[in-house]
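Take 1 as the starting number for the sequence shown in full-length UniProt numbering and just add one per residue. Notes to accompany the following structure.
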Amino acid sequence: MTASELKINQRAIISKLHLKLSDRRRCFNMGIYEGVSITLIKKAPFKDPYLFSVNGNEICMRQQDAKRIEVILS
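Written out as structure tokens, the structure reads:
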């Protein structure tokens, strides 16, 4: 399952990031990495972008990036 498939207010644990190295670094700097809890807060119209809560921070992310974050429901 990917982060883009989460339902509103559904929580999951990040298990794998399928991103380029530069994008992985950017995510790491925002607190997005393997083992962290992520919750989908809101989807914008037309499903892009998404608003996630990660470690108490709210982060907007494009759908194409959310599809590359593999998660496990918690």
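Think of the CB as a built atom: it goes at the ideal place given N, C-alpha and C, for glycine as much as any other residue. Every value quoted in this text rests on a predicted model; they were computed, and no experiment measured them.
Under 8 Å between the Cβ atoms of residue i and residue j?
| i | j | result |
| --- | --- | --- |
| R62 | L17 | no |
| V71 | I13 | yes |
| M30 | I8 | no |
| L51 | I41 | yes |
I'd like the span of the alpha helix (DSSP H) that includes residue i, first residue to last.
| i | result |
| --- | --- |
| L21 | 21-29 |
List the whole-angstrom C-beta distance separating residue i from residue j, where the pair is believed to meet the contact cut-off of C-beta under 8 Å.
| i | j | result |
| --- | --- | --- |
| R26 | S74 | Contact flag wrong, Cβ pair sits at about 24 Å. |
| M66 | S4 | Here residue 66 turns out to be Ala, not Met, going by the sequence shown. Their Cβ separation, rounded to whole angstroms, is 4 Å, which keeps A66 and S4 in contact under 8 Å. |
Item to check | Every unbroken alpha helix (DSSP H) within the UniProt domain "Ferrous iron transporter FeoA-like" (1-73), with a cutoff of 4 residues, ordered by chain | outcome: The UniProt domain "Ferrous iron transporter FeoA-like" (1-73) contains these whole alpha helix (DSSP H) runs: 21-29, 63-66.
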